[in-house]
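Enquirer: The structure follows.
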Amino acid sequence: MPELPEVEIIKRSLFRMINKEKIIDVRISNKKLRYKLHSSFIKDLIGEKILNISRRSKYIIFYFKNKFLLIHLGMTGKFFIKRIKDNKLTKTSFYYNLNFIRKHNHVHFLLNNGLMLIYNDVRRFGFMKLYKNSELKTNSFIKKLGVEPLSNNLNINYFRQFTIKKKRNIKNTLMDQTFISGLGNIYVNEILFMTKIHPLTKCSNLKNSDISKLIFSIKKILNFSILKGGSSIKDFENISGKKGSFQQFFAVYNKENSNCSRISCTGKIKKIIISNRSSFYCGKCQK
DNA sequence: TTCTTTGTTCCGGA
DNA sequence: GTCCGGAACAAAGA
Numbered sequence: 010m011p012e013l014p015e016v017e018i019i020k021r022s023l024f025r026m027i028n029k030e031k032i033i034d035v036r037i038s039n040k041k042l043r044y045k046l047h048s049s050f051i052k053d054l055i056g057e058k059i060l061n062i063s064r065r066s067k068y069i070i071f072y073f074k075n076k077f078l079l080i081h082l083g084m085t086g087k088f089f090i091k092r093i094k095d096n097k098l099t100k101t102s103f104y105y106n107l108n109f110i111r112k113h114n115h116v117h118f119l120l121n122n123g124l125m126l127i128y129n130d131v132r133r134f135g136f137m138k139l140y141k142n143s144e145l146k147t148n149s150f151i152k153k154l155g156v157e158p159l160s161n162n163l164n165i166n167y168f169r170q171f172t173i174k175k176k177r178n179i180k181n182t183l184m185d186q187t188f189i190s191g192l193g194n195i196y197v198n199e200i201l202f203m204t205k206i207h208p209l210t211k212c213s214n215l216k217n218s219d220i221s222k223l224i225f226s227i228k229k230i231l232n233f234s235i236l237k238g239g240s241s242i243k244d245f246e247n248i249s250g251k252k253g254s255f256q257q258f259f260a261v262y263n264k265e266n267s268n269c270s271r272i273s274c275t276g277k278i279k280k281i282i283i284s285n286r287s288s289f290y291c292g293k294c295q296k
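10 is the number of the first residue of the first sequence in our numbering; add one for each residue after it.
Below you can see the structure in the form of C-alpha cells.
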C-alpha cells in the first residue's frame, strides 16, 4: 500500500531514470483502471517529452508541454522499469519485450533512452488521467487536497484552526485528505502512538502541547520512513523491485497483543475498528 | 464463501 | 444546514 513515503521514493526514482525522456510508444493491456483510460490516451502521449515529475500528496504528476498526467497508485499500483535488451527502439522490439511481462501489468511506456516504464496494479484501484495544463490549479483531485504534511503549511495555527470546533476523533481527522493530504492508516497509527494520544480522542479536547507533538511526529515519522525506503507490507516495491524497511520499525501497526515497545510501559497493543479501518494503539500509554 | 485492504461517496442521525 | 460515522464500492487473493 503506497502511502506518502512510498510515493515519494517512487517519484525520486522516476525523476532520476526517466525525467526529460520522450515517450516513443504506449501500449495498454487493460484500460480499465479505477477510471477507464480515455480512448485517445495513447495518441495524446506519443511524442511527448517528460519535462518534470513531481509529487503532491499521494499523487505523482508527469508534466508535458501542454498537458500533465495525474497518477494515483490506489492500493496496489506500482511502477517497474525494464531495459529493452536490443538497441533497436522499434515498435517491434517494444512488443517483443512485452512477452517477459508479468501479470497485472496494465500500461507500458517506451522511452527514447531504451527504458520501458510499466504500470502494474493488482487491484486496479489506481488511475491515470491526462489534463490540459490550464487545469493545474482547478483540477478536482488537486484542488481539494489539504496541506502537504512535510511543508511549513502544516503548523500549529493551521492545525488549531481546523480542529478547534471539531467533535470528530483525531484518527479520522488525520486521515482526512482535505485537512492534511497524504496520511494513511499505517502512518496515522504510528503517529498517534508516538504522541501517546488515543485514536478516539475528540479534536476539541486536544491541548496545544498535543498539537505540537502531533506535528512533530508527523514530520519525524514520514521523513524517517522515506530515509528507510518506505514500508513494504503486502507487496510494495520501488521501481527497481527493492523493498523498503520502515515496516521493521512499526510500533503498533499490525501488532495486536504485542507488548508496548516503550521500555517504561507494560501495556499491550490493542486493535479496534474506527470507520471501517483497523486501528492499533497501546491500551496503557495512549490515553 | 467470506474477509481484507484504501480512498471516496452517499446517506441517515444528531 | 452542518457535522460525523457507517456502509458501500471498486478488484483480487488468501
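C-beta: ideal position from N, C-alpha, C; glycine also.
Since this is a predicted model, take the numbers as computed values, not measurements.
1) If you reduce the DSSP assignment to three classes, tell me which class Met26 lands in.
2) Distance, Cα to Cα, Asp244 vs Asn178?
3) Count the other CB atoms, across all protein chains shown, that sit within 10 Å of the CB of Lys87; report buried if there are 16 or more and exposed otherwise.
4) Which first and last residues belong to the alpha helix (DSSP H) in which Lys237 is found?
5) Let me confirm a value: Met137 is counted as buried when at least 16 other C-beta atoms fall within 10 Å, else exposed. Which label applies?
6) Helix, strand or coil: how does DSSP classify Asn166 here?
7) Ends of the alpha helix (DSSP H) at Asn198?
8) Can you tell which of Asn121, Ile127, Phe188, Leu215 has the C-alpha that lies nearest to the C-alpha of His113?
9) What does DSSP give as the partner residue(s) for Tyr290 in the beta ladder?
10) Buried or exposed: where does Gln170 fall if 16 or more other Cβ atoms within 10 Å of its Cβ makes it buried?
11) Tell me where the alpha helix (DSSP H) around Leu126 begins and ends.
12) In terms of residues, what are the limits of the beta strand (DSSP E) holding Leu139?
13) Let me check understanding here. Comparing Cα to Cα, which of Met26, Gly83, Leu60, Phe24 lies closest to Tyr44?
14) Could you check the C-alpha separation between Asn129 and Val35 for me, to the nearest Å?
15) Let me know if Lys296 comes out buried or exposed under the rule of 16 or more other beta-carbons within 10 Å of its beta-carbon.
16) So, with DSSP's three-state summary, where would you put Leu79?
17) By the 10 Å Cβ neighbour count, where 16 or more other Cβ atoms means buried, how is His47 classified, buried or exposed?
18) Is the beta carbon of Asn75 closer than 8 Å to that of Asn142?
19) Please classify Lys296: does DSSP put it in a helix, a strand, or coil?
20) Can you check DSSP and say which residues form a bridge with Lys91?
Expert: A quick look at the data gives this:
1) helix
2) Unreliable positioning characterises Asp244 in this predicted model, as indicated by a pLDDT of 49, which lies under 50. A coordinate reading is not provided.
3) When all chains shown are included, Lys87 counts as buried.
4) Here Lys237 belongs to no alpha helix (DSSP H), and DSSP marks it neither H nor E.
5) buried
6) If DSSP states are grouped into helix, strand and coil, Asn166 belongs with the helices.
7) First-last of the alpha helix (DSSP H) with Asn198: 194-204.
8) Ile127
9) Lys279
10) In this structure Gln170 is exposed. Its beta-carbon is surrounded by fewer than 16 other beta-carbon atoms within 10 angstroms.
11) Premise fails: Leu126 lies in the beta strand (DSSP E), 124-130, not in any alpha helix (DSSP H).
12) 136-141
13) Here the closest residue by C-alpha is Gly83.
14) 14 Å
15) exposed
16) strand
17) When all chains shown are included, His47 counts as exposed.
18) yes
19) coil
20) Met125
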